[in-house]
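This report refers to the structure that appears directly beneath it.
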Amino acid sequence: MPRVPRGAGMTRSILPVLTVVAAIVALWYAAAFAMNQQWTRDQAARAGTEPTLAQIAADTMSQERPKLPAPHQVAAELWDTTVAKRVTSKRSLVYHGWITLSATLLGFAIGTGLGILLAVGIVHNRAMDMSVMPWAIASQTIPILAIAPMIIVVLNSVGISGLLPKAVISAYLSFFPVVVGMVKGLRSPDAMQLDLLSTYNADRWQTFWKLRLPASMPYLFTSLKVGVAASLVGAIVGELPTGAVAGLGARLLAGSYYGQTVQIWSALLGAAVLAAALVGLIGLAQRLTLAAMGMNR
Amino acid sequence: MGGPVIEAKGLGLTFETRDGPVHALKDVDLAVGKGDFVSFIGPSGCGKTTFLRCVAALEHPTAGTLTVNGTTPDEARRARAYGYVFQAAGLYPWRTIAGNVRLPLEIMGMSRAEQEERVARVLELVDLAGFGRKYPWQLSGGMQQRASIARALAFDADILLMDEPFGALDEIVRDRLNEELLKLWDRTGKTIGFVTHSIPEAVYLSTRIVVMSPRPGRITDVIESPLPRDRPLDIRDTPEFLEVAHRVREGLRAGHAYDA
Amino acid sequence: MSWIAGALAFWGLAWWANLRLAAMPGTRATRFAVPALFGVTVLVLWEGVVRGLDVPGVILPPPSAIAERFAASLPILWTDFVQTFVKGALSGYAIGCGAAFLTAILIDRSPFLQRGLLPVGNFVAALPIVGTAPILVMWFGFDWQSKAAVVVAMVFFPVLVNTVEGLSAATAMQRDLMRTWSASYWQTLLRLRLPAALPFVFNGLKISTTLALIGAIVAEFFGSPIKGMGFRISTEVGRLALDMVWAEITVAAIAGSAFYGLVAAIEKGVTFWHPSQRG
């Protein structure tokens, strides 16, 4: 008889996760002190003063261009650029986040749509399977992101700029994971289940709608999570080549050009929050869909 | 020689679960002497596997006492007093058969020469000589289980604990392995504790049959087998055999094993 | 026009050939020939359409021009390869995977730490880590060290998560068996749990080969000395010398698939016993 652990599931994880997060924040503060103090000492030496340890510590936590901004500095900047600014202002992180997000979502939708269509084609047509699938799998080993600058510039030179080129990159990055995952999912029903349908004299499309497609849902959602994260990275990288002025990638680039470390960190955290939110939304959709289909364990 | 090899007095094991306490074992009294072949039979949840695991110090009782070779099960485990055979062979697929049989010997720190000698000896004993270089997936289920038994014999423990070792095999292979196990027992004189679901198997193999029942897990009957030590497979068609099997079935019925 | 006609004719022929090949029973030869033919067809169509429609080279150069540029630029391509792949990606990969593996073993004895680190790790693995590139360039300078640092950040959590999962792959029964032999923690780890974990570890290592190369290249978009694949791509893009860009991309593609293939080959050798390798 198996022993049933007390309080199984998420409640068991909350305390350890909080501990780890707290430890990370503590280490962050310590690192900020360690990394920023050199500048403080240099400035003090130049001014001829001898600051106390407490003074150094205080200074490292509030520099304008710190090597490592303290958590509260990043938090303050985040607050400043999100809540404290009008959403339409060019200084608002929400504005920049939306620029990147719109490219991500458009690209993700296109990539996923095309990917699912190609997957259906691969599963039903042997010639397509044998010719395209090896390339789809191989493409996962190729650093596709390296093409990003070229796509941006080429599309710009034919007059397509702004949202669309970034969406193209995002689409490309989410396309292959979705193809591979969806093919795996559409092929997941075992021989026994397929045999059963053929005893009902079901044709290919009935088999598709009634068996293959529902069976592929878990696999689809897993690749959607990978795909949306890749799309976001694609949109961000797509903002780098032409020195775009809007979007999270642009903020990262500008921050790095002008040495505005706090700006870099807040843009990075903005991207992180966006990624977490997108993956979380898909996770939610996954839970709801699978629950409605009775597939939740 | 001294007292019993395994002695349980008032042994109890209770699990706390969300639905209340589960009495896996309650008031179990049993003494197993040296050289005994004791089978434990009963339906799921009767505690037979739990008892074996307590002897092996894989579980710890919450009531009563249990001694193995006169000491606690933990000390017996540390002294490597027994070999354990699970229902699945559990061989490591990255090691050859010989490598698998050698594993406990490596852990116990024996010399390479001694390892080789012992491996050869026990593979011979279970009729797997010549298969040492094969990998587990190249062998049939029955052969894998024989390798698992060889592994349990390799370090010459006096006690052999077997938890439904032949449960996953088909009947024909099972019959053959039953015969081989009896021959092995005869040659080596080990004390064997054997858990099974199968009445014929229990009656065929044992000198003593312990019938258990669930909720709470307890012993309902202990049957001393009148059958001679030397047993060809045909003995299963004799009236004496059927009588013992009948008695076992009665014991199971008394313990509500056949109730839904 | 004849270019386009020729390309389309080839396409038709190849399509027909592939249909025939696909209808035959699958052998190693056909499984290789069909995608190879597909790839060649794409190249032929590319060449035909670009030349036939006189597409300007600043939009899309034909494969022949790329091949020409490739052959003419071997020294530069080699320097870039060494800078980005060998110095940046490989060193970051080695450090990152090694650190992740060791961390997994260190936290193995603490279920508390595991329950805390794994959700955090899964979260971090989904983030756009390439965004840390500007910060790491600020800390480690323009040269390959900052690129290696980005790679470490990218491969650490996937390898950590996979290794931790692998360390729990040994079944309860096998661990019980180790207890019956009174094996110590380290004996159980070395003889049972680590070999059983290897399929999972290699899964992480394979994913990380792609992440490493991407990390090294994209990190160079944020700043690099005057060499490196990412650097070359962004500057040549700026000069609209797209044939050179495509040449660099070809190098990246070859490097990426060769790296992955190498790790997969090692995996096959080391985990020969796993059902997925036995086919």
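Protein chains in written order, with the numbering used here: chain A, 29 to 325; chain B, 15 to 274; chain C, 2 to 280.
C-beta: ideal position from N, C-alpha, C; glycine also.
In this text, all values refer to a predicted model and were calculated from it rather than measured experimentally.
Query, Result
"Does at least one heavy atom of the ligand SAH sit under 7 Å from the Cβ of Q168(A)?", "Within the structure as shown, the ligand SAH is missing, as the structure has no ligands at all."
"Just confirm the distance between the C-beta atoms of A112(A) and M89(A), as a whole number of angstroms; I'd bet it's less than 8 Å.", "With a Cβ gap of about 21 Å, A112(A) and M89(A) do not count as contacting."
"Residues in the same chain with beta-carbon distance under 7 Å from G35(A), minus the five sequence neighbours each way, listed in chain order, please.", "Legend: pLDDT at G35(A) = 40, less than 50; position of this residue unreliable, value from coordinates given subsequently. Answer for G35(A): no residue qualifies."
"Between the C-alpha atoms of P253(B) and P240(B), what's the straight-line distance to the nearest angstrom?", "12 Å"
"One question on the structure: do G58(C) and L193(C) come within less than 8 Å of each other, judged by their Cβ atoms?", "no"
"Give a yes or no on contact between the stretch 248 to 268 of chain B and the stretch 4 to 13 of chain C, applying the rule of three or more CB pairs nearer than 8 Å.", "no"
"Please classify K269(C): is it buried, with 16 or more other beta-carbons within 10 angstroms of its beta-carbon, or exposed?", "exposed"
"Where in the stretch 63 to 107 of chain B do unbroken runs of the beta strand (DSSP E), each at least 3 residues long, occur, reported from the N-terminal end onward?", "77 to 82, 96 to 99"
"Taking only three categories from DSSP, how would you classify P35(B)?", "strand"
"For the stretch 180 to 191 of chain C, list every residue whose C-beta sits within 7 Å of some C-beta in chain B, in sequence order.", "R180, T181, W182, S183, A184, Q188"
"Would Y261(C) pass as an interface residue toward chain A - the criterion being a Cβ-Cβ separation below 8 Å?", "yes"
"Using a Cβ-Cβ cut-off of less than 8 Å, give me the residues of the stretch 106 to 122 of chain B that come near chain C, in sequence order.", "Y106, P107, W108, L117, P118, E120, I121, M122"
"Can you round the beta-carbon distance between G207(B) and V99(B) to whole angstroms, since I take them to be within the 8 Å contact cut?", "The pair is not a contact, with the Cβ atoms about 10 Å apart (cut-off 8 Å)."
"Which of the three DSSP states is assigned to D177(B) in this structure?", "strand"
"Would you mind sorting M156(A) into buried or exposed? The rule is 16 or more other CB atoms within 10 Å of its CB.", "buried"
"With DSSP as the reference, label T77(A) as helix, strand or coil.", "coil"
"Rounded to the nearest angstrom, how far is the Cβ of I55(B) from that of V225(B), given a contact under 8 Å?", "6 Å"
"Three or more C-beta pairs closer than 8 Å, one from the stretch 260 to 279 of chain A and one from the stretch 89 to 109 of chain C: is that the case here?", "no"
"Q175(C) versus chain B: which residues are under 7 Å apart at the beta carbon?", "G104"
"Quick check on the burial criterion: 16 or more other C-beta atoms within 10 angstroms. Buried or exposed for R116(B)?", "buried"
"Taking 8 Å as the threshold, find out whether the stretch 84 to 104 of chain B comes into contact with the stretch 155 to 172 of chain B through three or more Cβ pairs.", "yes"
"Would you give the residue range spanned by the beta strand (DSSP E) that I127(A) belongs to?", "That residue, I127(A), is in no beta strand (DSSP E); its alpha helix (DSSP H) goes 121 to 152."
"Could you pull the DSSP bridge partners for K23(B) from this structure?", "T79(B)"
"Anything in chain B within Cβ reach of R194(C), meaning under 7 Å, just list it in chain order.", "Going along chain B, no residue has its Cβ under 7 Å from R194(C), so there is no contact; the nearest lies around 11 Å."
"Please name the residue, chosen from A126(C), G40(C), W247(C), T133(C), that lies closest to F158(C) on a Cα-to-Cα basis.", "A126(C)"
"Going by the DSSP bridge assignment, what does E30(B) pair with across the sheet?", "P35(B)"
"Classify M321(A) as helix, strand or coil using the three-state DSSP reduction.", "coil"
"Quick check on DSSP: helix, strand or coil for T234(B)?", "strand"
"Please report the distance separating the alpha-carbon of A170(C) from that of S198(A).", "35 Å"
"Just the C-alpha distance for A50(A) and R116(C), rounded to the nearest angstrom, thanks.", "14 Å"
"Give the DSSP bridge partners of F61(A), in chain order.", "In DSSP, F61(A) forms no bridge with anything."
"In the DSSP assignment, what residue or residues form a beta bridge with T210(B)?", "I55(B)"
"Return the chain-ordered list of same chain residues with a C-beta closer than 7 Å to the C-beta of T140(A), the five sequence neighbours on each side being excluded.", "S202, V206, L252, G255"
"Does the CB of I127(A) have a neighbour CB from chain C at under 8 Å?", "no"
"Closer than 7 Å by beta-carbon distance: list the chain A residues that pair up with V246(C), in chain order.", "M178"
"Taking only the alpha-carbon atoms, compute the straight-line gap between E21(B) and P87(B) and give it to the nearest angstrom.", "10 Å"
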